[in-house]
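Reviewing the structure listed below.
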Ligand SMILES: [Zn+2]
């Protein structure tokens, strides 16, 4: 149990994918704002753009790029920013606003399934990697070939669901002031980080509002 200012939080369950916490004395509006911010505004990293250099597979470019865009990436949001918040001003981006991957595969005499692990990062030391290497992307028939450049960028769930960091639900123990927040991560960020980021965003919004009101 952790408490302060008439509020208390108890950790009910936790593992690397999910977290269940009980709030006491936290107003419903605040708890619900945290839940909503987790879903829509906590930043994560996913494929924002794909450049198709070659694709002779049976899959159209649109479906191929859509499939790749749904792969979650372990997100380093301490060292990366969304393109519109970056100071580089470059359309191609810099190391703070883009992580580049190349995906090149060709089937020989046998069919070949291409997986997320076949994507090769431009910077071999990047920590921004697919959450799972076992996501099948496309199956190539003998002789078929793909070559793509993949751009992973920071985004938010409100822009596209591919950036949604996980699910968050809030429910009330009947007749009490206790509320339970359950957070499950898709792997972009740790569950605790998802909650802390949502609180940080809420703080920022409230500060901005105070700033605007001061100027009225
Ligand atoms: Zn940049």
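Numbering (our numbering), first residue to last: -18 to 197.
Built from N, CA and C at the ideal position, the CB exists for glycine as well.
Which value, in whole angstroms, describes the spacing of the CA atoms of residue 126 and residue 7? Taken atom to atom, the span from the alpha-carbon of residue 126 to that of residue 7 is near 55 Å.
Got a sec: does ligand 1 put a non-hydrogen atom nearer than 8 Å to the Cβ of residue 74? Yes, since a heavy atom of ligand 1 falls inside the 8 Å radius drawn around the Cβ of residue 74.
Report the CB separation of residue 167 from residue 54 in whole angstroms; it is logged as a contact under 8 Å. With 8 Å as the limit, residue 167 and residue 54 do not qualify as a contact, their Cβ atoms being about 10 Å apart.
Just to check, is the beta-carbon of residue 95 closer than 8 Å to a non-hydrogen atom of ligand 1? Every heavy atom of ligand 1 is 8 Å or more from the Cβ of residue 95, so no.
Please identify the residue among -12, -16, -11 and 24 whose C-alpha is closest to the C-alpha of residue 174. Answer by Cα proximity: 24.
By the three-class DSSP mapping on this structure, what secondary structure does residue 21 have? Helix, per DSSP.
For ligand 1, any of its heavy atoms closer than 8 Å to the Cβ of residue 25? Incorrect: residue 25 has no Cβ contact closer than 8 Å to ligand 1.
For the putative contact between residue 231 and residue 5, defined by C-beta atoms under 8 Å, what is the C-beta separation to the nearest angstrom? This structure does not reach residue 231, given that the chain is present from -18 up to 197, and the question cannot be answered.
How far does the beta strand (DSSP E) with residue 95 in it extend, from its first residue to its last? Note, residue 95: beta strand (DSSP E), 93 to 96.
Helix or strand or just coil, what does DSSP make of residue -5? Residue -5 falls in the strand class under three-state DSSP.
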